[in-house]
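The structure under discussion appears below in the form of structure tokens.
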Amino acid sequence: MSDITKQSLTELVENIKNKKLSSVDITKAFIERSEKSKELNAYITEDFTSALEKAKKFDQKPNLDLKLPGIPMAVKDLFCTKDVKTTAGSKILNNFVPTYESTVTENIWREGAILLGKLNCDEFAMGSSNETSFFGDVQNPIDKDLVPGGSSGGSASAVAGQLTPITIGTDTGGSIRQPASFTGTVGLKPTYGSCSRYGIVAFASSLDQAGPMAQNVKDCALLQEVISTYDSKDSTSIEFERKQYSKELTKNIKGKKIGIPKEYRVDGMPKEIEDLWQKGIQYVKECGAEIIDISLPHTSYALPTYYIVAPAEASSNLARYDGVKYGFRAKGENLIDMYEKTRSEGFGVEVQRRIMIGTYVLSSGYYDAYYLKAQKVRKLIKNDFDDVYKKVDAILTPSTPSSAFKIGEKTNDPVSMYLNDIFTVPVNLAGLPGISIPAGHDSKGYPLGLQIIGKAFDEQNILNIAYAMEEKINFKNKITDWWIK
Amino acid sequence: MSIDLKTIKHISKLSRISVDEKRAEKLVGDLNSIFDFIEKLNELKTDNVEPLTSVAETTLKLRSDKVKSKNIREQIVKNSPQNNEDYFVVPKVIE
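Top to bottom, those sequences are chains C and Z.
For any residue, its number in my numbering is found by taking its place in the first sequence, counting from 1, and adding 52.
For any residue, its number in my numbering is found by taking its place in the second sequence, counting from 1, and adding 2.
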């Protein structure tokens with residue numbers, strides 16, 4: 053049975069289609085491994101009994117024309133799933149059972165996949181290490197007491213640890229790509245407007261995007277073609293020609309122009325990351341692509357901009373948690389007292405901190421100095437990308453400035469935690485697609501990722517570059533199953 | 003610019019999150035270090051830059067004003083922390 057969980061999504065789909073495996077075989081295998089992997093703390097809610105029933109039902113009348121026929125899949129607990137508890141990693145939603153389904157998960161089930169459970173994440177996706185979750189830290193399958201990254205930490209851990217064949221996360225400032233990099237997996241943040249935000253617990257609405265997290269590029273492309281649809285229920289969903297990404301995937305990237313931004317060579321970046329980047333440049337050259345040095349002059353302003361825009365949007369999005377309509381409610385002497393106690397007891401430290409930053413930058417007398425200023429700098433950052441995309445087809449950078457760190461190492465210093473997202477945040481601010489692929493190991497044997505940033509709606513191109521590089525890199529994740537007794 | 007205890011209490015009130023003295027003092031330190039980091043934006047002159055409000059360069063779509071969800075009262079109140087079937091219940095607001 054253990055062989056089953058080692059297979060990629062593409063292999064599992066093939067094996068179901070040629071009837072070598074049933075949905076029950078596969079679902080059972082992932083449930084068994086998940087049961088043995090509780091120490092990773094990747095799940096918030098398990099839905100195994102129901103998953104097995106759905107698998108049996110699928111096998112009785114299998115529809116093999118679907119893209120994900122009978123494939124079990126756990127998803128980040130930020131996606132609303134009808135009749136299955138959805139917490140966003142927060143105490144304040146500890147008892148929330150949605151009466152509706154997110155569009156992205158709806159698309160997944162429509163193609164035949166089966167929900168295994170809901171995966172741990174930073175509270176309201178605010179964090180870079182999964183340490184802000186009300187449901188506890190998540191372990192990285194790479195090594196004990198190592199963070200899996202965040203905010204999609206449970207998703208990254210579950211894919212790397214083979215508890216689910218593939219998953220979805222959300223990315224507001226790097227929450228898919230950074231954990232993918234920390235766990236040796238592939239993570240795609242699509243163009244803003246590509247995947248519907250309907251039914252995803254909102255963090256920062258102008259930045260949030262859902263995307264696939266997978267063992268390899270082909271799996272990632274397949275899930276992207278399933279989840280990316282136009283949706284009238286999301287007013288920022290965009291109509292554009294969505295490709296059959298997995299079918300059109302090609303390793304031929306001859307003549308593609310790839311930009312190397314000098315501003316991503318930041319102070320204090322470990323030599324290992326610089327070396328990895330150089331190796332990546334070498335690989336794309338070998339694939340016949342052309343390397344062009346470029347400049348994105350406002351890169352160093354991206355994080356400060358993000359830490360105004362994202363908390364500002366979060367403070368208004370999270371105003372809805374008032375203990376009245378759903379979620380946790382604390383006892384109060386009167387209505388206001390109830391609001392204040394509910395939010396004080398229901399939100400964790402990091403979420404409160406960000407709500408307060410957001411409230412402050414939007415408050416009377418500070419709006420122009422902070423929020424409006426940040427929106428203007430955001431425009432400059434987007435202009436940087438618009439300018440370079442006149443000359444190049446894609447951009448290659450490291451995914452993160454370091455490999456995964458130990459649990460507890462950065463929790464006391466919010467700014468040092470925020471610096472994790474230095475290479476991923478500009479992509480969200482400009483609304484572009486970006487993919488992180490595993491590209492090597494550091495001296496400790498921890499995975500390191502490279503990021504390919506594309507033009508808006510050009511997911512196919514960055515998937516192709518990633519696909520070509522993946523073959524050259526030939527990355528092997530070092531997972532010892534240390535958590536299985 | 004620095005954020006003092008008085009400011010923390012003001013934003014705590016605005017954001018409807020009660021904080022005790024100890025938390026408030028911790029927040030003074032945290033927010034000041036975050037705003038020190040944010041101040042970097044003042045290096046840039048942005049007088050003639052248009053603010054970017056959305057990366058999606060489309061105007062919001064209009065839709066016909068038709069009711070799509072009917073008889074979902076039960077669904078709406080299902081998750082309320084305290085319900086009496088028809089209403090959301092809150093602590094007494096009229097003396």
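For every residue, glycine included, the Cβ atom is placed at its ideal position computed from N, Cα and C.
In this text, all values refer to a predicted model and were calculated from it rather than measured experimentally.
For D260 of chain C and L46 of chain Z, the gap between their C-alpha atoms comes out near 26 Å.
Between F37 of chain Z and the set C:Y422, C:W534, C:Q512 and C:K507, the nearest pair of CA atoms involves C:Y422. Taking a 10 Å sphere around the C-beta of E291 of chain C, we find fewer than 16 other C-beta atoms and assign the residue as exposed.
Taking a Cβ-Cβ threshold of 7 Å, the residues of chain Z close to I409 of chain C are L33 and I36, in chain order.
The beta carbon of I56 of chain C sits closer than 8 Å to the beta carbons of L64, L73, D77, I78, A81 and F82 from its chain, once the five residues preceding and following it are set aside; these are given in chain order. For E52 of chain Z, the chain C residues whose Cβ falls inside 7 Å of its Cβ are K431, in order along the chain. For Q261 of chain C, the three-state secondary structure derived from DSSP is strand. Contact between I19 of chain Z and I407 of chain C holds, with the beta-carbon distance rounding to 6 Å and staying under 8 Å.
Each residue's CA atom was taken as its position, placing V156 of chain C and S204 of chain C some 16 Å apart. Closest option to L275 of chain C, judged by alpha-carbon separation, among C:K537, C:I517 and C:V127: C:V127.
Distance from the CA atom of N146 of chain C to the CA atom of K462 of chain C, rounded to whole angstroms, is 26 Å. Inter-residue distance for K537 of chain C and A266 of chain C is about 26 Å (C-alpha atoms, whole angstroms).
The Cβ-Cβ distance between I346 of chain C and G307 of chain C does not fall below 8 Å. Interface annotation, V95 of chain Z: in contact with chain C, CB-CB separation under 8 Å. S20 of chain Z sits in coil when the DSSP states are folded into three classes, being neither helix nor strand. Distance from the Cα of K442 of chain C is smallest, within the candidate group C:M521, C:K309 and C:D533, for C:K309. In this structure, C:I123 is the residue among C:I123, C:I96 and C:N93 with its C-alpha nearest to the C-alpha of I68 of chain C.
A straight line joining the alpha-carbon of W534 of chain C with that of A366 of chain C spans about 37 Å. With the rule of 3 Cβ pairs closer than 8 Å, the stretch 331 to 347 of chain C does not count as touching the stretch 378 to 397 of chain C.
Between C173 of chain C and E153 of chain C, the C-beta spacing is not below 8 Å. Against N386 of chain C, the close residues of chain Z are P93, in the order they occur along the chain (beta-carbon pairs closer than 7 Å). Residue state for P313 of chain C is assigned as strand, using DSSP reduced to three classes. Here G169 of chain C is bridged, per DSSP, to C:E98 and C:A126. Under the three-state reduction of DSSP output, P363 of chain C falls in the helix class. Excluding the 5 residues flanking it on each side, I325 of chain C has same chain C-beta neighbours closer than 6 Å at P450, in chain order.
Among the CB atoms of chain C, none fall inside 8 Å of the CB of L7 of chain Z.
In chain order, R75 and V79 place their CB closer than 8 Å to the CB of D88 of chain Z, counting only its own chain and leaving out the 5 sequence neighbours on each side. When secondary structure is reduced to three states using DSSP, E342 of chain C falls in the strand class.
When the five nearest sequence neighbours on each side are left out, the beta carbons in the same chain lying within less than 7 Å of the beta carbon of I489 of chain C are those of V238, V269, G501, L502, A518, M521 and E522, in order along the chain. Not flagged as an interface residue toward chain Z: M178 of chain C, since no C-beta distance is shorter than 8 Å. Cβ-Cβ separation between L43 of chain Z and K434 of chain C: approximately 15 Å, too far for a contact (criterion under 8 Å). K524 of chain C: member of the alpha helix (DSSP H) spanning E511 to I525, first to last residue. For the stretch 73 to 87 of chain Z, the set of residues with a beta-carbon nearer than 9 Å to any beta-carbon of chain C comprises I74, E76, Q77, I78, V79, K80, N81, S82, P83 and Q84, in chain order.
When CB distances to chain Z are screened at a threshold of 7 Å, the residues of the stretch 335 to 368 of chain C falling below it are Y353, P356, T357, Y359, I360 and S367, in chain order. By the neighbour-count criterion, in which a residue is buried when 16 or more other Cβ atoms sit within 10 angstroms of its Cβ, N386 of chain C is exposed. A straight-line Cα-Cα distance of about 21 Å links K507 of chain C and G221 of chain C.
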